[in-house]
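Heads up, the sequence shown is in the numbering used here, so the first residue is 6 and it goes up one at a time.
Below: the structure, in structure tokens.
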Amino acid sequence: MKKIGVLTSGGDAPGMNAAIRAVVRTCIFKNIEVYGICEGYNGLIEGNINPLTSKDVSNIIQRGGTIIKSSRSQGFFTAEGRKKAFQNVQKFELDGIVAIGGNGTFTGANIFNQEYDVSIVGIPGTIDNDLFGTDNTIGYDTALNTVVEAVDKIKDTASSHNRLCIVEVMGKDAGFIALNSGIGVGADAILIPETPTYIDQLVEKLDNGRDHKSSMIVIVAEGDDAGGAYQVANELKEQCPNYDSRVTILGHVQRGGSPSALDRVLASQMGHSAVNALAENKTNLMVGIIDKQITYTPFEKCVKHNDKLNKKLLDLTEILSY
Ligand code: F6P
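Given below as structure tokens:
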């Protein structure tokens with residue numbers, strides 16, 4: 006391994022910069038040249054690939070976003086795009102790639118590896134936490150804390166007006182953010198894509214608490230089958246017109262901000278381990294940390310798994326919000 010490239014792809018996540026820093030500094034320590042591939046797989050297709058030095062990654066560990074930018078590359082999902090990408094791998098003489106991202110990133114990496122035998126090691130970077138093969142993905146903890154901080158503020162105003170506040174959080178396919186932030190803010194109900202939502206049951210639950218609570222919070226994952234926070238609010242309004250309710254969509258605020266200490270440590274360990282893995286000729290797998298141990302899981306096993314979601318937390322909400 007003489008030269009490797011690093012890219013960030015898909016939705017950015019707080020802590021990606023800390024991971025880039027760890028990749029670059031580990032490469033320098035191991036006498037490996039390291040290149041930044043700009044805007045994810047688009048940069049690989051277009052040859053937007055530049056050397057990274059120790060100085061380039063100085064003072065970035067605390068910054069959100071990604072200094073080498075990201076994209077959801079449509080081109081990389083075409084055979085023609087991947088051919089161009091491979092030509093650039095050859096042109097820049099990259100012996101391996103560290104790909105930081107989520108489901109889409111690793112699905113693309115898996116196909117690319119099978120077609121062209123390019124060595125790729127993944128680092129899980131997504132606020133959604135929806136990857137098998139690691140307890141936490143980079144960015145998830147920061148996003149959770151962002152949601153908790155925002156909902157705490159919403160609760161101040163909600164309780165001043167005896168209101169019901171319906172808060173939509175990110176998670177198209179996965180309820181990790183909704184479930185864990187919901188527990189963290191003491192939500193009255195949590196609606197996630199992994200379980201069906203019945204508005205009748207929600208009404209019953211809210212009615213039970215109405216007399217003894219100064220405010221109520223419902224957390225809705227964007228991918229819940231009820232159809233999002235506005236839809237839930239409309240249906241509730243029909244069934245219980247006496248509720249004074251408001252909707253907040255937290256949106257992309259959840260993806261920004263300075264990474265938490267936990268995400269910085271996770272990213273530093275994973276960045277270091279990804280370079281070690283490439284140096285040991287490991288490929289087509291994702292670095293993870295399970296029970297404090299570094300693990301490597303093949304890409305195809307990592308993607309689209311919500312199995313690790315702790316549904317018992319939903320039962321806990323039922324008890325604690327009563
Ligand atoms: O994958 C992370 C994520 O933030 C999801 O939770 C969300 O559904 C999606 O990205 C939004 O993506 P975009 O910024 O491309 O609209």
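Cβ atoms here follow ideal geometry from the backbone N, Cα and C, with glycine treated the same way.
By how many angstroms is the C-alpha of residue j removed from the C-alpha of residue i?
i, j, result
"Leu241", "Val208", "7 Å"
"Leu290", "Gly106", "13 Å"
"Leu57", "Asp100", "16 Å"
"Gln95", "Gly10", "12 Å"
"Thr31", "Lys317", "39 Å"
"Tyr145", "Pro264", "9 Å"
"Gly293", "Asn213", "42 Å"
"Pro201", "Asp230", "7 Å"
"Pro19", "Arg269", "9 Å"
"Gly70", "Gly261", "6 Å"
"Glu51", "Thr302", "29 Å"
"Val252", "Ile37", "51 Å"
"Gln119", "Ile188", "41 Å"
"His277", "Cys245", "54 Å"
"Gly80", "Gly48", "10 Å"
"Tyr46", "Asn93", "11 Å"
"Val223", "Asn239", "13 Å"
"Ser273", "Glu243", "50 Å"
"Met221", "Lys7", "57 Å"
"Ser219", "Gly180", "26 Å"
"Ser59", "Lys89", "29 Å"
"Val152", "Ala282", "34 Å"
"Ile33", "Gln298", "24 Å"
"Thr162", "Asn150", "19 Å"
"Asn329", "Leu271", "The requested residue 329 is not part of the displayed model; the chain covers only 6 to 327."
"Asp122", "Ala104", "15 Å"
"Val258", "Asp17", "12 Å"
Strictly by DSSP, which residues pair up with residue i?
i, result
"Glu38", "Lys8"
"Glu173", "Val225, Ile254"
"Met291", "Gly127, Thr302"
"Ala194", "Val223"
"Thr13", "Ile105"
Using 8 Å for Cβ pairs, my map puts residue i next to residue j. What's the rounded Cβ distance?
i, j, result
"Ala148", "Ile132", "4 Å"
"Ile54", "Tyr40", "5 Å"
"Ile116", "Pro129", "About 18 Å separates the two Cβ atoms, so there is no contact after all."
"Ile102", "Thr13", "The Cβ separation is near 12 Å, so there is no contact."
"Ala155", "Leu255", "6 Å"
"Ile171", "Ser76", "Their Cβ separation, rounded to whole angstroms, is 32 Å, which puts Ile171 and Ser76 out of contact at 8 Å."
"Ala234", "Glu173", "4 Å"
"Ile182", "Ala114", "That pair is no contact at about 24 Å."
"Phe137", "Asp312", "7 Å"
"Met191", "Ser326", "The sequence given here places Gly at residue 191; Met does not occur at that position. The Cβ separation is near 7 Å, so the contact holds."
"Val126", "Lys287", "6 Å"
"Leu295", "Thr110", "The question names Leu, but residue 295 in the sequence shown is Ile. No, Ile295 and Thr110 are not in contact; Cβ-Cβ is about 20 Å, not under 8 Å."
"Val308", "Asn108", "5 Å"
"Leu196", "Val237", "7 Å"
So the beta strand (DSSP E) residue i belongs to, where does it begin and stop?
i, result
"Ala104", "101 to 106"
On the DSSP letters alone, give me the boundaries of the alpha helix (DSSP H) that residue i sits inside.
i, result
"Ile54", "That residue, Ile54, is in no alpha helix (DSSP H); its beta strand (DSSP E) goes 54 to 56."
"Tyr327", "Tyr327 -> no alpha helix (DSSP H), and no H or E assigned at all."
"Asp212", "204 to 214"
"Arg269", "266 to 284"
"Val152", "145 to 165"
"Leu136", "It is not in any alpha helix (DSSP H) - Leu136 carries neither H nor E in the DSSP assignment."
"Ala234", "234 to 244"
"Ile50", "46 to 51"
"Arg87", "84 to 96"
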